[in-house]
Amino acid sequence: MRYQKRMKIKVQKRYSDIQKTVADSRSVLIVSHSAPDGDSVGSQLAFRNYILEHGKDVAVINEGSVPGIYRNLPDVDAVKDIGNYSTRKQFDLIIALDCSNLERLGKTEKLIEDNATIINIDHHPDNTGFGNITLVNKASSSTAELLTEYFLGINYAIDKKTALLLYAAIMTDTGRFRYESTSRRTMELAGLLIEKGANPRKICDDIYFSIPPSVLKLTGKMLESAEFYEDDKICLMQVSRESLEKYNASFSDFDGLAEYTLYAKKVMVGALLKELDDDNIKVSLRSKSNINVSEVARHFGGGGHRNASGFVMKPSLGINRQKLLHNLKGLIDASV
41 MRYQKRMKIK
51 VQKRYSDIQK
61 TVADSRSVLI
71 VSHSAPDGDS
81 VGSQLAFRNY
91 ILEHGKDVAV
101 INEGSVPGIY
111 RNLPDVDAVK
121 DIGNYSTRKQ
131 FDLIIALDCS
141 NLERLGKTEK
151 LIEDNATIIN
161 IDHHPDNTGF
171 GNITLVNKAS
181 SSTAELLTEY
191 FLGINYAIDK
201 KTALLLYAAI
211 MTDTGRFRYE
221 STSRRTMELA
231 GLLIEKGANP
241 RKICDDIYFS
251 IPPSVLKLTG
261 KMLESAEFYE
271 DDKICLMQVS
281 RESLEKYNAS
291 FSDFDGLAEY
301 TLYAKKVMVG
311 ALLKELDDDN
321 IKVSLRSKSN
331 INVSEVARHF
341 GGGGHRNASG
351 FVMKPSLGIN
361 RQKLLHNLKG
371 LIDASV
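Residue numbers for the sequence shown follow the working numbering, beginning at 41 and rising by one.
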């Protein structure tokens with residue numbers, strides 16, 4: 041009980057520090073990891089609402105565009121790709137969300153001035169603790185869950201739009217509440233966000249059931265590429281640049297489709313391989329149960345979570361399909 045009380049006091053102190061720092065700031069930049077996902081985008085937009093209520097100047101910038109399946113989120117056009125951002129502006133406060141280290145920010149790291157204050161809010165297990173103020177909980181299902189706790193802890197009035205954004209972020213980062221990271225508290229907070237106005241059916245439909253027909257056709261090609269290994273416990277799928285061009289699609293349309301690698305009954309580990317312009321391959325890893333695919337992702341220079349991780353396969357560095365399969369087989373063998 042004493043430990044829990046000390047932890048509660050410590051967390052509340054962090055909340056107060058964040059509140060005061062936001063109040064004292066003039067210009068705020070909200071960033072996240074490169075190749076943004078549902079948790080990063082939803083969390084950024086929710087925190088943007090909070091900053092705007094303080095009357096602050098705020099920008100949301102990432103390396104990479106918002107994936108197509110999140111384009112229905114409110115205010116999504118406020119999230120800018122640094123590749124299309126030309127204004128050189130100084131920010132005295134940096135909010136880094138859902139990012140385990142500064143390097144994961146990619147090109148947006150160059151927007152951080154040496155004298156800027158950095159607030160680091162994240163749930164990744166490999167977070168380095170960077171920044172002046174850190175709010176990191178590796179047991180949290182998502183950064184949005186951490187933000188929901190923060191808003192409740194400071195008695196911030198979560199409006200309908202913010203509730204929608206937080207719910208969408210939690211839902212996507214838990215694989216629709218399927219991953220091992222989904223806890224009783226996760227579900228309690230999701231329920232609270234519903235009470236605040238989040239509509240579960242509409243949010244799910246807008247994200248997962250609103251893809252363009254061309255992407256659905258391309259998904260069919262992806263499914264045709266399925267290969268199974270280790271008595272059908274490993275599934276690999278692939279999307280080629282040629283297929284993308286044929287169906288006029290982009291990789292930003294594919295966020296969330298890696299889940300298809302787990303749909304077969306016996307599969308425990310799945311990998312979706314996407315060919316990039318530079319001959320490298322983006323690998324999205326997924327797993328069932330307690331199999332930790334982040335171990336493989338980190339081995340190859342990537343990262344993520346137990347059930348959802350990724351990395352870039354670089355053939356020029358000797359990283360190839362055979363080495364990936366060897367490491368995935370090791371996970372299967374260790375789980376027996």
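The C-beta atom is built at its ideal place from N, Cα and C for all residues, glycine as well. Since the model is a prediction, treat every value here as computed from it, not as a measurement.
Notebook entry, point to check: Roughly how many angstroms separate the alpha carbons of asparagine 89 and lysine 147, rounded to a whole number?
Noted result: 24 Å
Notebook entry, point to check: Taking the C-alpha atoms as reference points, what is the distance between alanine 86 and asparagine 332?
Noted result: 29 Å
Notebook entry, point to check: asparagine 102 lies in the alpha helix (DSSP H); which residues open and close that run?
Noted result: First-last for asparagine 102: 97-102, but that is the beta strand (DSSP E), not the alpha helix (DSSP H).
Next item on the list: Would you check if the distance between the CB atom of leucine 204 and the CB atom of alanine 238 is smaller than 7 Å?
Entry: yes
Notebook entry, point to check: In this structure, does DSSP put phenylalanine 268 in helix, strand or coil?
Noted result: strand
Check: Touch check for the region 306-325 and the region 340-354: three-plus C-beta pairs under 8 Å?
Finding: yes
Next item on the list: Using beta-carbon positions only, say whether alanine 184 and alanine 209 come within less than 7 Å of one another.
Entry: yes
Note to self: Taking only three categories from DSSP, how would you classify threonine 174?
What the structure shows: strand
Next item on the list: Express the C-alpha separation of arginine 54 and serine 162 in angstroms, rounding to a whole number.
Entry: Checking the sequence shown, residue 162 turns out to be aspartate, not serine. Distance between the alpha carbons of aspartate 162 and arginine 54 is about 13 Å.
Note to self: Which residue wins for smallest C-alpha separation from tyrosine 219, given the options Gly370, Asp97, Thr61 and Ser329?
What the structure shows: Ser329
Notebook entry, point to check: Can the beta-carbon of valine 81 be found less than 7 Å from the beta-carbon of valine 119?
Noted result: yes
Notebook entry, point to check: Do the region 240-259 and the region 66-76 meet, that is, are 3 or more Cβ pairs less than 8 Å apart?
Noted result: no
Notebook entry, point to check: Is aspartate 117 near aspartate 295, with beta carbons less than 7 Å apart?
Noted result: no
Notebook entry, point to check: threonine 61 to valine 51, Cα distance in whole Å?
Noted result: 15 Å
Check: Applying the criterion that 16 or more other CB atoms from any shown protein chain within 10 Å of the CB defines a buried residue, is isoleucine 194 buried or exposed?
Finding: exposed
Margin query: Ignoring anything shorter than 4 residues, give me the alpha helix (DSSP H) runs that lie fully in the region 202-233, in order along the chain.
Written below: none
Notebook entry, point to check: Residue range of the beta strand (DSSP E) that serine 283 falls in?
Noted result: Unbroken run through serine 283 is the alpha helix (DSSP H), 281-286; no beta strand (DSSP E).
Check: Cβ of lysine 147 within 6 Å of any heavy atom in the ligand SAH?
Finding: Among the ligands in the structure shown, none appear at all, so the ligand SAH cannot be discussed.
Notebook entry, point to check: Which two residues bound the contiguous alpha helix (DSSP H) that contains leucine 364?
Noted result: 361-375
Note to self: Can you tell me where the alpha helix (DSSP H) holding asparagine 89 begins and where it ends?
What the structure shows: 78-93
Notebook entry, point to check: Would you say the region 267-285 touches the region 352-372, given that touching needs at least three Cβ pairs under 8 Å?
Noted result: yes
Check: Taking DSSP as the reference, what is the three-state secondary structure of isoleucine 243?
Finding: helix
Check: Can you tell me the Cα-Cα spacing of threonine 188 and alanine 289, whole angstroms?
Finding: 34 Å
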